[in-house]
Each structure stands twice: as structure tokens, then as C-alpha cells.
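As C-alpha cells, the structure follows; a few thoughts come after it.
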Amino acid sequence: MKYTDKRVQTINELVNGCQIIKMYNWEKAMEQRVRETRRFGVKGAIGAGKSTLLAAILGEINLISGKLQLYVDSISYAPQSAWIFADTIRANILLGKPMNEERYKNVIKACCLDIDLLNFGEVGDLLMIGDKGINLSGGQKARISLARALYADADLYLLDDPLAAVDPNVAKNIFDQCIGPRSFLRGKTRILVTHQTQFLVEADQIILLRKGHIDELHIEQPVDNESSNDTLESDSSNDTSETDSPDDNETDWTLNTATTDINSIVKNETSIDGAIKWSVWLQLFTAPPLRWFGFFLMIIFMVGTEALYDFTNSWLALWSGKDENEQRSSFYAYVYLGVIFATLIIALLRAGYIFYIMLRGSTYFHNRMLKGILYTSLRFFESNPSGRILNRASKDQQVLDEALPMALIDTMQYLLMTLGAIAIIGMTNPWVLLILIPLIPTVLWLRRFYMRSSRQLKRLESVSRSPIYALFSSSLDGLTSIRAFDAQIDFLNMFIERIDTNARAYFILFATTRWFGLQLDLITSLLTLVTSILAVALRHQIDPSAAALSISYCITLTGLFQWAMRQSAEAENFMTSAERIHEYGQLTRESHSNNNKSGVLIQPADDWPSRGIIEFKDYTFRYRPELDPVLKNLNLRIESKEKIGIIGRTGAGKSSLLQALFRLVDQSAINGTILIDDIDIGRLSLDYLRSHISVIPQVPILFCGTLRYNIDPFEQYSDEECLTALEAVQLKPLVRNHPDGLHLMVTESGTNLSAGERQLVCVARAILKRSHILLIDEATANVDHTTDRMIQEVIADKFRDRTILTIAHRLNTIANSNRILMLQDGEVAYFDVPNNIDLTQGGTQN
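Each residue of the sequence shown is one higher than the last, beginning at 583 in the numbering used here.
Okay, here's the thing in C-alpha cells:
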């Protein structure tokens, strides 16, 4: 069970690398009374305890001492990492609450989601979202999460940095329309955690946290108080608008009255019809390392054991048929004893060997499934929720590891014993074979009739189990939000509904199994009756010992034959799990060629890319061939060691540009070429291309293991180099203050680190890799401005002779770039030096 849990955890980390996480690091007690109709701002460095303060208000952590009193009846919450579950946009916003059309429309407009819904076409807010919002941008997920918080009519609103993932212009609009003094939430108490200090000057009370305690408390600050800007070190002068606000006619969005999204990327899970393919059986029994030799050796063990078992009974019958003097001979006793010991030994060897073969086959299937998931395209994860994958990696793999070997060994053992019993009966009472001639085909026909239903029911049961895993995984990710919105009953009812759906399939499967067992009982009882009648009728023609042996074997045959048929049917039903795992092992791998007509991959020099020159030529990028392009006819050249800042409204195609450089989408959806150091990246293998480019992602991804493992998983660098990288991002105190040092254990997805600390670990990982090209996707969105400046200084120092592409919503982050690339609707709006682009006026060209 320990290894099963570890395996499921590994698959879960693979699938859920971006799951929602909250920190648990509050060290000091705090008492803070929140009065009604007030605006509170919370500020502090990374790891100061801002998110933990909100968790304490929500009752998600235990206070060690002191007390926290709330004078509110209801709380609404927008987490730092947006929690999005697989359903429509509307369902994610309503979260089980009844539809109030007027309030819903006001929330959509206040959160600047109206223009996005218009861009989604006719489906609008009924667009099906993939697991964890995989088909949405970071800004869209953040605004949906905020819209959910606003739609809930609560007394207290806890907003954990909801503006970090959107560009400054949208952030300003959202603040004015949702949070500010004349916003949608006017008259409500709201607590805003943010690093964007220009939004804090309008708060009635500001809490500055440092290392888990209140460092400063600013009360009743007027909006026009200039000293507040100095105290808070406001960066509002730098964080200015980067895009124009949408025109009024662009936001004329109406509520969709349709019922479903027929073009949803999340498709219903399907199952294969018909019998299990023989190729699946053979791959299970002929898995490496023994392959066919192991299969034939298993057959020899099976036949040999049964032959010895039947020989012992035949020898016993022969011995008992001798006269009294011969029966006393020790020869018969020694032979019988020797055969018994031989049967015991070979039976033990057979059982161990068959389980070895089955477990090797199970391991082979699991490894192929893991490789299939790892090497398939991201499109697979868009259309398959994590619960669907976890279902196969857990329950189906458990069946393959535990239940299937038992069913198969029983099937093979009892079938051979049945054949042996028929042979003994035929030799002692040949007349019984007359009844077996019609009986065996009848049983085989009955089994075939039963399998047509049971096999499909087993597949249906497996398919109906996936939504349970998906809901369970999603509920764990958003447990804090579910409790904050008091939606436990709604999710419990959804869980019960999915359990009922799965139980219905299981109950019908169980009922059909009992029906099959009853039919076998009737048929095998008939065989026993006929054999007994024949033994009595032919008592003068058959030796009594032979008649007794035939009746004994016939009674034994009744149980053996019935159990063999049951277990063979059960084994075939269990093989549907092997079939489902085998299906993931056959997933289409990412194409190594990018419209490369020759299909021949090239191997550049070992130091590629030595210059870091990037050039886009007539490049068009789609996420799927049937969708509209998100990058359109890009033609631009980035010189060696150049620092490029990339800006644009949420959804403009900024992150898509980085995905294009990593070739993360189906190459059939791409036109044009990307050259790096004059080499078409479409002619490079994917592993070579991606291993030579570094990235600091928008959502930090950490795995369960040591801190050292997370920055150097392949142990390519020394401890000193790892410590130097951590020191550069000011994480060395974290290592120095922990007794395990670099071997500090990071929990699953880094839940024991703050969001900012997780991001710093990703920066340290990039520093170690030392690639000539570094891509940064909103790496400082969740850190304070001091840490942001520190990271920029580190990057400027460590990557001064590297090419850097930086996506940022904080314009001061990219102010020192050589050139600024502005994207608008997937096209290049501006690509020029910062002096020729007026960032303070929405990006207009001077």
C-alpha cells in the first residue's frame, strides 16, 4: 500500500503541478478586530504571513494562543492562486448559488470578463473549462475567481492578491469597479492582500506584516494623504497602464440561454467495445525481461503441476486396487510420498513464478502508461481531467497488481484441474463423457453470453469512477474556498450523485455475476446426478474403486469447472483495467518535426545556442487546428544578449509566445518558422530544444522531495553551486535555519513554502541551468516590490550575457529592457526601445 500511495502521488504531482496551495507558517499570535463597512489593506514581504492571516480568519489554521473574533455572518474569499474546477464559467462563478441575472451581469462587467465572454463566441459563459482552467489564461482564471467572490453576497470579503495576474490597466479597472470606495462592494467590509501598494492608499486601515506579526498599523488614512505613499513605498508611478480600456461597445455582453457547450474540449470518457484484444493479453504475459521464454516456462509449470497432482490421485487409486499383500509394500508408499513432495514444491514454484510474471507485466504496463502521459502533448491534458488519469493510475493499476494475478492463476489452475478430472473420469467411467459432449459447449455458450454484458458493465463501472476521482481531487484543491462559500453540502451532493452512478453499474455487474453462478450451479449439479446414476446402473461392469474415483472427481469437477468459468470471466473483466492502462501507453507522442518536409532531425553544436538570436518568420500559432490563431504572422528578430520585455492585455498572446518557443502544441496548428541561432527549431528534437532553454514559469511548480532535488533533480551541480544559487535569491537563510539544510523536505507541490518562496526556488533552478536563453513568464507577480527588485538585480547579474524574454504586468519590471514588445490580439502592436514607447499613456508611440 505504501508503494501504491507513492505511485499515485507521483502521478498526481505530474498532473497537478499547478494546483492551488496555501501556506501554513504563522508563528505569532495576533488579534485584529474587523469592524463593519471598512476597507483593509494587508502588505508585507514574501513569507510574512499575509495569506496565513486570511486563513486564520477563515478558520483554516489553529491559533496557538490569543483569540480572533469575527462579527460577521458570512465570508467570501478569492484565493491567491485561483481555484477553477472542470465545468462551465457560469458554474465556477455561481458555485451552487441560485442565478440572479442582474447581479450576475454586474459582477461580469465589474471583473472585466464581458469582453472575454464576447471573444468566446456564442457559447459565452457556458464555455466548458478544462481541469484547473487549463484552457484559460492566468488573468482569466484570476478574474473568474474574483467574480465568484463578488457574486456571493457576504458580509466580509477576503481578497488574496487577486490583481497580481492581470495587467495594470485591467487591475486599475477591477479595483475601481470591484474593491474601491465607489465599487461594487461599497458598503461591504473587504480585506485586500496585495503587493501593488497604489491600491492601498484608499484603505481605511493598512496592516504591514513582517515575519508573522504586525510591524506597522496605519489607521484612517485619507486618500489624499501624501505621507502614505512614502510609508508604503508606492510604485504607482511605475505601474501604469499598458493597454487602453475597452470601448463601451465592445462590452455589450448578454447572458447565454443555451444549455451546453457542444465544442467543449473536455469530452466524455469513452470505452472500447467487444472482447479484449489478444495483443493486450500477450503483452501482459510476454513483458520484459523474459518475454516469450517466460511465457512458455509458465505453461510448463502449470502443466507439470497438474500432471503431478493427477498422478498422485491415479497412483492412490492404483495402490488401493491391489490385493492386501501388495498394498503393504513400501514401494507404493514411497512413490506416493515422493510425488506429494514434488507436487508441493512445484506448486510453490509455480505460484511464485506466475505472480512474478504478472507483476512484471503490470510494471511494464504502468511504465508504458507513465511514458505515454509524459510524452504526449498538452492537448491531452486539456481534454482529460486529472481524475480520469488518476483513476487509471490508482484503481486500474491496483486491479492489475492485485486482483488480476489472483484471478488468472485461479483460472489456469482450475482449468487444468478440470481437464485432469475429465481425463480421469473418462478413463474410469467413459459413459460420463457422453453427457460432457453437450454440456461443455452449453457452458461455453453461456459464458460467452454472460461476457457480452459483464465486460461492458465493467468498463462502464471503470468509466463512471473517473468523475469521482476528478471531483475528489478538485475538492481537495479548493477545500478552503468550498468551506469559505459554505458549499460543502453542494459538493457532497455532487459526490453522492457520482457515487450512485458508479454504484448502479457495479450493482448490475454483481447481479449478472450471481446469475451466471446460478446457471453454472444447475449445469454442474446435473453432471453429478448423471454420473451417480451411471455408477449405480453399471455397478457390475465397473471396478468399485474406479467408480468411487469417478464419482469423487465428478463432485470435484462440479466445483472446479464452475469456479474456473467464474474466474476466467472475472479475469477477462479485470483485463479491462489492463486495456485502459494499455490505451494510455499508446497515446500519441509529441511530434519531433515542425512541418519539416525532410523529416530529418539535426544535431547542432554542443554549445548551441551560443548567441541566443531568436527570429520569428511569418509565424502563426493556434492551440488546436480548428481554433482561431492566438499569434498571427509574427515577424521579428531578437538579437544576441538582448533583453526583451513583453507586454499586452490579458489574453493577448504573451504566454503563447513562450509556448511557441518550447513547441508545446500540436505542430499541425502552426505555420511559419522560429529560428534560434539560424537553426529552425522544428528540425531539433524536443528533448534537445527544451533542455537548452530555461524558463521561470508564471505558476511555480515544485515536487515532493528535498529542496536540492527541486533545483537540481539530476544532481548535475555541487552543493556549493546549489547554495550559491539559493543565496542569490535570498533563500540561503531558509537552508541555514533548517537542520536538514539542502535536504529540507518540500511537501507535495511545495505547500510548506509561500507562493513567493516557491517562485524564488524556480529562479534558483534557472540560475543553475545557465542556458543562453531565459524565458520569464510573470515570475514576480506574487512577490513584493522589494523582492521583485532583488530578483531583477539577480537576473541582470547572472544573465547579463544571455538573451532574456520577460513577460510582466509590472512595467517597472521591464523598464530596463533593451526593447519592448507589445502584443495586441496576437499581433505585434509595437516592438521598439522603451524611449519610443510611452508606457504611461497606454503604450502609444512617441
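Just so it is clear, CB atoms sit at the ideal spot from N, CA and C, and this is done for glycine as well.
What are the start and end residues of the alpha helix (DSSP H) that includes Q787?
-> From DSSP, Q787 is part of no alpha helix (DSSP H) but of the beta strand (DSSP E) over Q787 to R792.
Count the other C-beta atoms from every protein chain shown that fall within 10 angstroms of the C-beta of E683, then say buried if there are 16 or more, exposed otherwise.
-> Label assigned to E683: exposed.
Beta-carbon contacts of T868 that lie in its chain and below 6 Å, excluding the five residues immediately before and after | Around T868: W874 and F877.
Compare the Cα-Cα distances from I858 to each of E1152, V1281 and A1310 and report the closest residue.
-> Among E1152, V1281 and A1310, the Cα nearest to that of I858 belongs to E1152.
Looking only at its own chain, which residues have a Cβ that is under 7 Å from the Cβ of H1391, when we skip the five neighbours before and after it?
-> Excluding the 5 residues flanking it on each side, H1391 has same chain C-beta neighbours closer than 7 Å at V748, D749, P750, E1360 and A1363, in chain order.
Any idea what DSSP makes of Y659, helix, strand or coil?
-> Three-state result, Y659: strand.
From G1408 to P1211, what distance separates their C-alpha atoms?
-> Linking G1408 to P1211 through their CA atoms gives a straight-line distance of about 8 Å.
Selected residue, minimal CA-CA separation from F1285, among V1343, I1275, G678 and I1261 = The candidate whose alpha carbon is nearest that of F1285 is V1343.
For I1389, which residues of its own chain have a beta-carbon under 6 Å away from its beta-carbon, when the five flanking residues on both sides are left out?
-> Counting only Cβ-Cβ distances below 6 Å, and skipping sequence neighbours, we find I1228, K1236, D1359 and E1360.
Please list, in chain order, all residues of the same chain as A753 whose beta carbon is under 6 Å from its beta carbon, the five residues on each side excluded.
-> Excluding residues within five positions, the ones whose Cβ falls inside 6 Å are L745.
Have a look at Q662, L677, G721 and A692 and flag the residue whose alpha-carbon is nearest the alpha-carbon of A1234.
-> Closest option to A1234, Cα to Cα, is G721.
So, are the CB atoms of L640 and T1062 less than 8 Å apart?
-> Yes, Cβ-Cβ distance for L640 and T1062 is below 8 Å.
Are any of the Cβ atoms in chain B nearer than 8 Å to that of L864?
-> No chain B is part of this structure, which consists of one protein chain only.
Is the beta carbon of Q1144 sitting closer than 8 Å to the one on L1111?
-> Cβ atoms of Q1144 and L1111: not closer than 8 Å.
Coarse secondary structure for S816, derived from DSSP in three states = Its pLDDT being 37, under 50, S816 is placed unreliably in this model, and the value from its coordinates should be taken loosely. Coil at S816, not helix or strand.
On a CA-only basis, which of D905, A915 and A692 is nearest N895? Give me that one, please.
-> That would be A915, whose Cα lies nearest to the Cα of N895.
Exposure label - E704; buried when at least 16 CB within 10 Å | Under this definition E704 is an exposed residue.
Between the segment 709-717 and the segment 659-674, do three or more beta carbon pairs fall short of 8 Å?
-> Contact annotation: the segment 709-717 touches the segment 659-674, with at least three C-beta pairs closer than 8 Å.
Write down the C-beta distance between V1328 and L1289 rounded to the nearest angstrom, noting that I regard them as a contact closer than 8 Å.
-> That pair is a contact at about 6 Å.
Would you call Y1205 buried or exposed, if buried means 16 or more other Cβ atoms sit within 10 Å of its Cβ?
-> Buried, by the Cβ-count rule.
Can you give me the Cβ contacts of W897 inside the same chain, cut-off strictly under 8 Å, excluding the 5 residues immediately before and after it?
-> Y914, V917, Y918 and V921, listed in sequence order.
Look at the Cβ atom of T1385, then the Cβ atom of I1355, and state whether they are nearer than 8 Å.
-> It is a contact, given that the beta carbons lie within the stated cut-off.
Boundaries of the beta strand (DSSP E) in which Q1070 is found, first to last residue | Careful: Q1070 lies outside any beta strand (DSSP E), inside the alpha helix (DSSP H) at Q1070 to A1119.
What are the residues that DSSP puts in a beta bridge with T1288?
-> DSSP lists M1327 as partners of T1288.
CA nearest to the CA of E784, picked from S765, P1295, S1250 and F893 = Comparing Cα positions, the closest option is S765.
Use the C-beta contact count for V1415: other C-beta atoms within 10 angstroms, 16 or more gives buried, fewer gives exposed.
-> With a threshold of 16 other beta carbon atoms within 10 Å, V1415 falls short and is exposed.
Between V885 and Y996, what straight-line distance do the alpha-carbon atoms span, to the nearest angstrom?
-> A straight line joining the alpha-carbon of V885 with that of Y996 spans about 11 Å.
CA-CA distance, K691 and K953?
-> So the two alpha carbons sit approximately 44 Å from each other.
Would the beta-carbon of R1245 fall within 8 Å of that of L1209?
-> In this structure, L1209 does not lie closer than 8 Å to R1245 by Cβ.
Going by Cα to Cα distance, which pick from A729, I756, I1004 and T958 is closest to R1171?
-> The shortest C-alpha separation from R1171 is found at T958.
Which class does E1302 belong to by DSSP, given the choice of helix, strand or coil?
-> Here E1302 sits in helix by DSSP.
Could you name the residues of the same chain whose beta carbon sits closer than 7 Å to that of V1076, not counting the 5 residues immediately before and after it, in chain order?
-> Note that residue 1076 corresponds to Met in the displayed sequence, not to Val. Cβ neighbours of M1076 beyond the five flanking positions: L1053.
Nearest-angstrom Cα separation, counted from V1376 out to I1064 = Cα-Cα distance, rounded: 39 Å.
Can the beta-carbon of E888 be found less than 8 Å from the beta-carbon of G1002?
-> Judged by beta-carbon spacing, G1002 lies within the 8 Å limit of E888, meaning their Cβ atoms are closer than that value.
Own chain residues within Cβ distance below 8 Å of V862, not counting five before or after = Cβ neighbours of V862 beyond the five flanking positions: M1157, A1160, E1161 and H1164.
Residue from I1137, L1039 and L1139 whose Cα sits closest to the Cα of I1090 | Considering only alpha carbons, the answer is L1039.
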